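Read the structure below first, then the notes.
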Amino acid sequence: GPKVLQIPSHQIIDMGQMVTLNCDPVSNHLYFYWYKQILGQQMEFLVNFYNGKVMEKSKLFKDQFSVERPDGSYFTLKIQPTALEDSAVYFCASSLRLGVEQYFGPGTRLTVL
Amino acid sequence: GDSVTQKEGLVTLTEGLPVMLNCTYQTIYSNAFLFWYVHYLNESPRLLLKSSTDNKRTEHQGFHATLHKSSSSFHLQKSSAQLSDSALYYCAPAHTGNYKYVFGAGTRLKVIA
Numbered sequence: 001g002p003k004v005l006q007i008p009s010h011q012i013i014d015m016g017q018m019v020t021l022n023c024d025p026v027s028n029h030l031y032f033y034w035y036k037q038i039l040g041q042q043m044e045f046l047v048n049f050y051n052g053k054v055m056e057k058s059k060l061f062k063d064q065f066s067v068e069r070p071d072g073s074y075f076t077l078k079i080q081p082t083a084l085e086d087s088a089v090y091f092c093a094s095s096l097r098l099g100v101e102q103y104f105g106p107g108t109r110l111t112v113l
Numbered sequence: 001g002d003s004v005t006q007k008e009g010l011v012t013l014t015e016g017l018p019v020m021l022n023c024t025y026q027t028i029y030s031n032a033f034l035f036w037y038v039h040y041l042n043e044s045p046r047l048l049l050k051s052s053t054d055n056k057r058t059e060h061q062g063f064h065a066t067l068h069k070s071s072s073s074f075h076l077q078k079s080s081a082q083l084s085d086s087a088l089y090y091c092a093p094a095h096t097g098n099y100k101y102v103f104g105a106g107t108r109l110k111v112i113a
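Chains as they are written, first to last, in the working numbering: chain A, 1 to 113; chain B, 1 to 113.
In structure tokens, the structure reads:
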């Protein structure tokens with residue numbers, strides 16, 4: 001089936017530095033999402049991005065977070081600056097439209113030291 | 001907003017026994033879809049099954065669920081657990097008018113020999 005790719009699979013970074021997580025969504029999908037999963041906890045919605053805009057974000061989507069997808073390239077999540085509590089696995093997902101199946105990537109494990 | 005309750009955090013079963021994972025939900029959307037996603041270790045979360053039709057059983061890969069709008073439930077069942085069913089299972093509602101996806105806390109199913 002359709003695949004969502006995430007690069008890198010692991011990232012270790014010092015607190016205060018900037019990090020960019022990359023997602024290659026399913027090619028014809030229009031809606032893009034990021035989720036955060038802290039070790040041992042549930043996967044939680046961060047943001048929904050459509051047509052170049054953030055359509056919905058959760059309280060977890062702090063001011064230090066930003067998303068973009070310039071010219072149909074990677075859908076990115078940037079954290080600047082990073083904090084210890086940002087350590088988690090970040091999952092990217094995409095869907096053709098709202099209310100339908102989302103396709104997930106394998107996740108990027110971010111460790112902030 | 002939407003909410004989901006998966007009351008069992010961990011379900012441990014002996015192979016061959018029936019599986020039932022509970023999901024109850026709240027949504028303002030009367031025609032919302034309900035999804036079950038399965039997340040195997042070191043893989044991407046993926047759709048297991050979905051439904052928006054009241055009182056109709058939906059089946060996939062040996063699992064089944066019936067959406068009951070009267071009780072806001074969408075419990076996942078399987079007649080006989082297999083070792084390979086060990087995974088994290090998420091229940092989630094979705095609707096064409098809702099940009100935010102809310103996943104339940106997830107139920108970890110552990111099947112033992």
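The beta carbon of each residue, even a glycine, is placed where N, CA and C say it ideally should be. All values derive from a computational prediction rather than experimental measurement.
Partner residues on chain B for residue i, Cβ-Cβ distance less than 8 angstroms
i, result
"Q17 of chain A", "Within chain B, no residue comes near Q17 of chain A; the closest Cβ sits about 27 angstroms away, beyond 8 angstroms."
"Y175 of chain A", "The structure shown does not extend to residue 175 of chain A, since chain A is modelled only from 1 through 113, so no value can be given for it."
"N48 of chain A", "Y99, K100 and Y101"
"Q42 of chain A", "Y90, F103, G104, A105 and G106"
Where residue i falls, given that 16 or more other Cβ within 10 Å makes a residue buried
i, result
"F37 of chain A", "The amino acid occupying residue 37 of chain A in the given sequence is Gln; Phe does not appear at that position. Burial call: buried."
"H95 of chain B", "buried"
"A83 of chain A", "exposed"
"S52 of chain B", "buried"
"S80 of chain B", "exposed"
"N98 of chain B", "buried"
"S44 of chain B", "buried"
"Q82 of chain B", "exposed"
"P2 of chain A", "exposed"
"I12 of chain A", "exposed"
"Y40 of chain B", "exposed"
"G52 of chain A", "exposed"
"G16 of chain B", "exposed"
"G107 of chain A", "buried"
Span of the beta strand (DSSP E), counted from its first residue to its last, around residue i
i, result
"T76 of chain A", "F75 to I79"
"N98 of chain B", "Note, N98 of chain B: premise wrong, no beta strand (DSSP E); not H, not E."
"V111 of chain B", "T107 to I112"
"R97 of chain A", "That residue, R97 of chain A, is in no beta strand (DSSP E); it is neither H nor E in DSSP."
"K53 of chain A", "K53 to K57"
"V4 of chain A", "Neither: V4 of chain A is in no beta strand (DSSP E) and is coded neither H nor E."
"L13 of chain B", "L10 to T14"
"T119 of chain B", "Only positions 1 to 113 of chain B appear in this structure, which leaves residue 119 of chain B out of reach."
Sub-8 angstroms separation of residue i and residue j beta-carbons
i, j, result
"Q6 of chain A", "G72 of chain A", "no"
"T5 of chain B", "G106 of chain B", "no"
"Y31 of chain A", "E44 of chain A", "no"
"D85 of chain B", "V11 of chain B", "no"
"R148 of chain A", "F49 of chain A", "The structure shown has nothing for residue 148 of chain A, since chain A only spans 1 to 113."
"F33 of chain B", "G99 of chain A", "yes"
"L39 of chain A", "L77 of chain A", "no"
"L13 of chain B", "V102 of chain B", "no"
"L47 of chain B", "A65 of chain B", "no"
"A88 of chain A", "L113 of chain A", "no"
Interface residues of chain A facing residue i [CB-CB closer than 9 angstroms]
i, result
"T96 of chain B", "R97, L98, G99 and V100"
"F63 of chain B", "Under the 9 angstroms cutoff, chain A gives no residues; its nearest Cβ is about 16 angstroms from F63 of chain B."
Neighbouring residues, chain B, relative to residue i (Cβ below 9 angstroms)
i, result
"V4 of chain A", "S44"
Taking any Cβ of chain A, which residues in the stretch 42-55 of chain B have a Cβ under 9 angstroms from it, in chain order?
-> N42, E43, S44, P45, R46, L47, K50 and S52
Closer than 8 angstroms, Cβ to any Cβ of chain A: which residues of the stretch 71-93 of chain B, in chain order?
-> Y90
Give the residues from the stretch 97-110 of chain A that approach chain B closer than 8 angstroms (Cβ to any Cβ), ordered along the chain.
-> R97, L98, G99, V100, E101, Q102, Y103, F104, G105, P106 and G107
Within 8 angstroms of chain B by C-beta, residues of the stretch 49-76 of chain A in sequence order | Y50, M55, E56 and S58
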